[in-house]
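Novice:
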Amino acid sequence: MLRRRAGPDDRRGPPPGPAPGGPGRAPGGVSVSTRETPLTRNIRPGEAPPDRAAYERAGGYRGLRKALSMEPPQVIELVKVAGLRGRGGAGFPTGVKWSFVPRGEGAPHPKYLVANADEMEPGTFKDRLLLEGDPHQLLEGMIVAAWAIEADVAYVFLRWAYRKAARRLERAIAEAREAGYLGPDVLGTGWGLEMHVHVSAGRYICGEETALLEAIEGKRGWPRIKPPFPA
Numbered sequence: 005m006l007r008r009r010a011g012p013d014d015r016r017g018p019p020p021g022p023a024p025g026g027p028g029r030a031p032g033g034v035s036v037s038t039r040e041t042p043l044t045r046n047i048r049p050g051e052a053p054p055d056r057a058a059y060e061r062a063g064g065y066r067g068l069r070k071a072l073s074m075e076p077p078q079v080i081e082l083v084k085v086a087g088l089r090g091r092g093g094a095g096f097p098t099g100v101k102w103s104f105v106p107r108g109e110g111a112p113h114p115k116y117l118v119a120n121a122d123e124m125e126p127g128t129f130k131d132r133l134l135l136e137g138d139p140h141q142l143l144e145g146m147i148v149a150a151w152a153i154e155a156d157v158a159y160v161f162l163r164w165a166y167r168k169a170a171r172r173l174e175r176a177i178a179e180a181r182e183a184g185y186l187g188p189d190v191l192g193t194g195w196g197l198e199m200h201v202h203v204s205a206g207r208y209i210c211g212e213e214t215a216l217l218e219a220i221e222g223k224r225g226w227p228r229i230k231p232p233f234p235a
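Residues 5 to 235 (this note's numbering) are what the sequence shown spells out, left to right.
1. Near Ser103, which residues of its chain fall below 6 Å by C-beta distance, leaving aside the five closest residues on each side in sequence?
2. Got a sec? Which residues, its chain only, sit under 8 Å from Arg89 by beta carbon, not counting five neighbours each side?
3. Indicate the three-state DSSP secondary structure (helix, strand or coil) for His202 in the structure shown.
4. Span of the alpha helix (DSSP H) holding Leu186?
5. Skipping 5 residues on each side, what residues in its chain have a beta carbon closer than 8 Å to that of Met146?
6. Just tell me which of Lys70, Gly93, Gly92 and Leu133 has its CA closest to the CA of Leu82.
7. Give the single residue among Tyr59, Tyr65, Lys223 and Val100 whose Cα lies nearest to the Cα of Pro265.
8. Could you please give the first and the last residue of the uninterrupted alpha helix (DSSP H) stretch that includes Leu72?
9. What ranges does the alpha helix (DSSP H) occupy inside the stretch 95-145, keeping only unbroken runs of at least 4 residues that lie completely in it?
10. Taking all protein chains shown into account, decide if Ile153 is buried (16 or more other Cβ within 10 angstroms of its Cβ) or exposed.
11. Given that a residue counts as buried once 16 or more other Cβ atoms are within 10 Å of its Cβ, and exposed if not, what is Ser204?
12. What's the gap between the Cα of Glu144 and the Cα of Pro231?
13. My output table needs one value for Arg91: the three-state DSSP class, helix, strand or coil.
14. Going along the chain, which residues of its own chain have a beta-carbon closer than 6 Å to the beta-carbon of Tyr59, five neighbours each way excluded?
15. Around the Cβ of Gly137, are there at least 16 other Cβ atoms within 10 angstroms (buried) or fewer (exposed)?
16. Should the stretch 206-220 be called in touch with the stretch 167-187, which here means at least 3 C-beta pairs below 8 Å?
17. Going by Cα to Cα distance, which pick from Lys84, Pro126 and Pro54 is closest to Tyr208?
18. What residues in its chain sit with their C-beta under 8 Å from that of Ala48, if we drop five residues either side in the sequence?
19. So Ala219 and Arg163 are supposed to be a Cβ contact under 8 Å. How far apart are they, rounded?
20. Exposed or buried, Gly64, counting other C-beta atoms within 10 Å across all chains shown (16 or more means buried)?
21. Go through its chain and collect everything with a Cβ distance to Ala109's Cβ below 8 Å, but skip five positions before and after it.
22. Which of the three DSSP states, helix, strand or coil, is assigned to Tyr59?
23. What first and last residue would you give for the alpha helix (DSSP H) that runs through Ala86?
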């Protein structure tokens, strides 16, 4: 076994973090800000989630109403300007990802939006916290995304063990449909969106995006040959 002699760089200690309130760098060089507000900030584990009325009193679904007052391309541009990025490691810009989906006349239909809440990594439970503690927040975000990409059907692909989350999601979906946030004519726009919860059979590989789609279609959860790539 060879032992490397410590050099000057080894004695510097860890790199300094970002200044309070200032920007920093996530792994991969993606800019982040310490001013970000966690989506789960107001969730108290063990308490029942807010129903639709309570969520609305706290400002819920206002963002959806605002989005529905805009054209889908405007929503996508707004998300680009906001700098919203994925948090899966690559930090891919959300607005750019949405722009990959064909829209307008001649676009294929039906189109599907899928939220991957499989969360099979050991010790990971951030999705479960949001799903159980504030399901309407997830629904609102998905409806906005579906409007932006002109989707017709949305699915939440759920880890098999998240039975409480499944019950709460189903209840929230029913409440949203009753209020007109889902259904054949969302808030009088003439655009329709249906949403479903699909519980995984429990295979780790189903967290891969194309294996997930295979599972939703009732097939064996195995990754597809690419291309084509899902957006």
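For every residue, glycine included, the Cβ atom is placed at its ideal position computed from N, Cα and C.
Specialist: With the given structure in hand:
1. Ile80
2. Val34, Gly95, Phe96, Pro97 and Thr98
3. strand
4. Premise fails: Leu186 is in no alpha helix (DSSP H) and is neither H nor E.
5. Leu117, Ala119, Ala158, Val160 and Met199
6. Lys70
7. In the structure as shown, the chain begins at 5 and stops at 235. Residue 265 is therefore absent and cannot be evaluated.
8. Arg66 to Leu72
9. 98-103 and 130-137
10. buried
11. buried
12. 31 Å
13. coil
14. His140
15. buried
16. no
17. Pro126
18. Reading the sequence as shown, one finds Arg at residue 48 and not Ala. Excluding positions up to five away in sequence, the list reads Gly137.
19. Rounded, the Cβ-Cβ distance is 12 Å, inconsistent with contact.
20. buried
21. Strictly speaking, residue 109 in this sequence is Glu, with Ala absent from that position. Cβ within range, chain order: n/a, list empty.
22. helix
23. Pro76 to Ala86
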